[in-house]
Amino acid sequence: MSAPPSSASSPSLRALFSSRAGHLALAVLVVELLAGMQIYLNQTVLPLLATEMGARNAYGLVTAAAQVPAFLTMPLGGAMLARWRPDRLMTALTALLVAGAVVGALAPNVEVYVLGEILRGLAAGALATATMGVMVAGLPDAWRRLCLAGGSGMWVVAALAGPVYASGVSASWGWRWALVVYLPVLIAARAVMAGQIHDLRLDEETDHDETVPWLPALAMAAGVALIGALRASSPWFWPGVGVGTGLVLWSCSCVLPDGTLRLVPGRRAGIATLLWVCAFFLTLDYLVAPSAHDVLGLTPTQTGWALTAGGIGWSAVAIACGARPAREPQAYRRRTMLAAVFFVVGTMLMAVTVLEKADWWGLPVGYGVASIGMGLTHLDTMNRIVTDPAEPDGITHAQAATAVTIAGAAGGAVLGTATTAFVAPAAAGVEPSRLWPTLVLLAVGLLLTPLLARRAA
């Protein structure tokens, strides 16, 4: 792999617009912003398209449709960068992403929409890894740190702009237009990024057949697909959930550093903590839009406010924590304990709201409070994983980066897919009698986070 280009300029507002490293960093941040907006778009559109297509019992299928192919291509992004020029690779993957969005917007039924999500997932998984590889290879250390810190800031903007865009366009023109109106901005951002890396080469010699985890990637994707393909009303649902979860756990044991699932103290326990908290919180996140639409009958605008509250709570607190990271073990434990309090208070307020014991505003307020807990623990946990310990523990930088990516996605894919299917077993959509106990169980899971974090401190 070629080394990051040398640059005399240090990060500054002027260098951001005048240097090549600044241009690439700015492009990476814009792509991060659009990726965040895409998540809010998907959440806002999901109940609308399911209602129009009479497929409110297919929440789990739609949720898994983009995640499954992403798990197939996510581990392959590095191998793709080693084989092809990064600018051409990004151009081709962006074209595939756009094609998937167009297919989804034109879909006459949920099956065709799922096909569009599959295309988008195939592109998004590889793009996520490729973008990280380009950032590592194409930016000096100082600029790379700026991009990682600036990512939280982009999520604040995404939390404001994403739901407003999705709910506004959906309310005015329909959800189909919401899927494609932003595409010119996406294409422009990727074009700028490709232009900045046109002579970048990642050409290290590797044995691709041995370095790419083909079988674990297939098993992980198959596990998520199995869970998403089964409806909660099927007698095979719970056996399928068990088999799918087993496949994903086996895959994680192969892909993540040895000892992670055994909570070996140090960075391995940190990876397990990240896997745990992302699984439970992202599942909570997946339930916000369906709960708002199916149970509370909220408008797209009100649903957008709920999603915005969560995004701002997470991102704003993460920025503050990034400015003052919890480097000492005691500080990390205290911050994680405080996060658990916000997790439980916020999730329980959401449960009370869906039981109609509080007005509709309880959903956005509760989700926002719970998201503060994520801001308090997520970034500090990632920092502990990617920072080299005083004594070497055998985890390389590449392994740490891969672990952060997988841990942040795998748990939410499994638990989130199973949960969204469970709470909506029929075409009528989410059932309150299933929803509120699920929220309580999620609160219990999040409450246990500090116990795992103690071994990571």
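In the working numbering, the protein residues as written are -19 to 437. Heads up, the beta-carbon is just placed ideally off N, CA and C, and yes, glycines get one too.
Beta-bridge analysis with DSSP links residue 409 to 406. Every alpha helix (DSSP H) stretch that sits fully inside the region 52 to 81 and reaches 4 residues is listed by chain position as 57 to 63. The beta carbon of residue 254 sits closer than 6 angstroms to those of 361 and 387, all from its chain and outside the five residues before and after it, given in chain order.
In the pairwise beta carbon analysis, the region 208 to 216 is classified as not touching the region 347 to 355: fewer than three pairs are separated by under 8 angstroms. Counting other Cβ atoms within 10 Å of its Cβ, residue 257 reaches 16 or more and is therefore classed as buried. Judged by DSSP secondary structure, residue 428 falls outside any alpha helix (DSSP H); it is assigned neither H nor E.
Residue state for residue 366 is assigned as helix, using DSSP reduced to three classes. By the 16-neighbour rule on beta-carbons within 10 angstroms, residue 376 is exposed. Of all alpha-carbon atoms in 277, 430, 290 and 155, the one lying nearest the alpha-carbon of residue 310 is that of 430. In the structure shown, residue 161 adopts coil according to DSSP, grouped into three states.
Secondary structure note for residue 178: it is in no alpha helix (DSSP H), with a DSSP letter that is neither H nor E. Relative to residue 383, the option among 251, 414 and 277 whose CA is nearest is 251.
For residue 3, the uninterrupted alpha helix (DSSP H) segment begins and ends at 0 to 32.
Judged by DSSP in its simplified three-state form, residue 241 adopts coil rather than helix or strand.
With a beta-carbon spacing of about 6 angstroms, residue 94 and residue 42 fall inside the 8 angstroms limit used to define contacts. By the beta-carbon neighbour count (other beta carbons within 10 angstroms, threshold 16), residue 370 is exposed.
Classified as exposed, residue 178 has fewer than 16 neighbouring CB atoms from the shown chains inside 10 Å of its CB. Secondary structure note for residue 231: its alpha helix (DSSP H) is the uninterrupted segment 217 to 235. Distances from the alpha-carbon of residue 141 to those of 28, 110 and 288 put 288 closest. Closest by C-alpha distance to residue 395, out of 356, 218 and 286, is 218. Around residue 172, the same chain offers 7 as residues with beta carbons nearer than 7 angstroms, after the five sequence neighbours per side are excluded.
Taking the Cβ atoms as the reference, residue 105 lies roughly 7 angstroms from residue 52, within the contact range of under 8 angstroms. In the DSSP assignment, residue 316 falls within the alpha helix (DSSP H) that extends over 309 to 334. For residue 275, there is no enclosing alpha helix (DSSP H), as DSSP marks it with neither H nor E. In the structure shown, residue 360 adopts helical secondary structure according to DSSP, grouped into three states. The region 194 to 203 makes contact with the region 222 to 230, as at least three CB pairs between them are under 8 angstroms.
Collapsing the DSSP output to three states places residue 372 in coil. By the Cβ-count criterion, residue 346 is buried, with 16 or more other Cβ atoms from all chains shown falling within 10 Å of its own Cβ.
Distance from residue 269 to residue 71 at the Cβ level is roughly 32 angstroms; contact not present, criterion being Cβ atoms closer than 8 angstroms.
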